[in-house]
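Inspection log for the structure reproduced underneath, given as structure tokens.
In my numbering, the protein residues as written are 87 to 276.
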């Protein structure tokens with residue numbers, strides 16, 4: 087006598103395997119992000135009390151507080167079983183917009199640090215700033231384009247599954263930026 091346990095589960099817990107795995111992965115990611123925030127909180131507090139406020143310190147503090155806030159809001163919406171489609175229609179662009187802002191901030195830190203590594207070379211700064219501008223422009227265009235097609239997940243959650251190619255461009259941009267900085271530095275030092 088085998089009993090099918092899925093028949094005993096309420097609909098919001100009886101998910102297809104890919105959605106169930108996605109929820110477990112999201113919980114693991116949320117746990118790591120919370121741990122990182124808690125571990126770095128004393129260091130962030132000490133850094134906040136120092137007198138100077140350079141650009142990297144400001145970006146660090148914005149990232150330290152924006153990421154957990156955004157993650158918490160998305161987690162509450164993701165796991166809320168009473169999230170209606172009307173609420174979802176108003177909410178579903180929040181996560182990609184916040185992700186785009188976080189990626190742009192991280193990429194600007196990348197530009198500033200590579201610029202500093204290569205003795206504040208203006209050609210490297212110009213090239214990396216151009217790549218950053220292309221990345222932000224592509225992100226905005228992709229966010230506003232019809233490529234952001236929305237299909238609602240089948241059972242359990244009313245949150246849409248948005249297909250966003252934005253994150254792909256972060257890796258491409260970083261690879262191009264690093265290659266550009268290295269090749270330009272070789273030309274300048276040769």
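All residues carry an ideal CB built from backbone N, CA and C; glycine is no exception. Computed from a predicted model, the values in this text were never measured in an experiment.
Give the range of the alpha helix (DSSP H) segment to which residue 143 is assigned.
141-165 is the span of the alpha helix (DSSP H), which, as asked, contains residue 143.
Spatial neighbours of residue 114 within its chain, please: CB distance less than 8 Å, with the 5 preceding and 5 following residues excluded, ordered by chain position.
Within its own chain, no residue has a Cβ closer than 8 Å to the Cβ of residue 114 once the five positions on either side in sequence are excluded.
Which word fits residue 111, buried or exposed, when buried means at least 16 other C-beta atoms lie within 10 angstroms of its C-beta?
By the neighbour-count rule (16 or more Cβ atoms within 10 Å), residue 111 is not buried but exposed.
Which of the three DSSP states, helix, strand or coil, is assigned to residue 177?
Residue 177: helix per DSSP, three-state reduction.
Where does residue 207 sit, in a helix, a strand or coil, going by DSSP?
Coil.
Are residue 156 and residue 180 touching if we call contact CB-CB under 9 Å?
Yes, they are a contact pair.
Going along the chain, which residues of its own chain have a beta-carbon closer than 8 Å to the beta-carbon of residue 73, five neighbours each way excluded?
Because the chain is modelled from 87 through 276, residue 73 falls outside the range shown and cannot be assessed.
Would DSSP call residue 136 helix, strand or coil?
Coil at residue 136, not helix or strand.
Residue 169, DSSP secondary structure in three states:
The answer is coil: DSSP assigns residue 169 none of H, G, I, E or B.
Would you mind giving the Cβ-Cβ distance between residue 218 and residue 197, rounded to the nearest angstrom? I have them listed as a contact below 8 Å.
Beta-carbon to beta-carbon, residue 218 and residue 197 are separated by about 5 Å, close enough to satisfy the 8 Å threshold.
Same chain only: Cβ atoms within 6 Å of residue 222, ignoring 5 sequence neighbours per side:
For residue 222, where only same-chain residues beyond five positions count, the Cβ hits under 6 Å are 190.
Per DSSP, what kind of secondary structure is residue 188 in: helix, strand or coil?
Here residue 188 sits in helix by DSSP.
Through-space distance from residue 153 to residue 192, alpha-carbon basis:
Taking the straight line from one Cα to the other gives about 11 Å.
Taking 6 Å as the limit between beta carbons, can you name the residues of its chain near residue 120, skipping five residues before and five after?
Same-chain partners within the cutoff: there are none.
For chain D, is any of its Cβ atoms less than 9 Å away from the one on residue 116?
Included in the structure is just one protein chain, with no chain D present.
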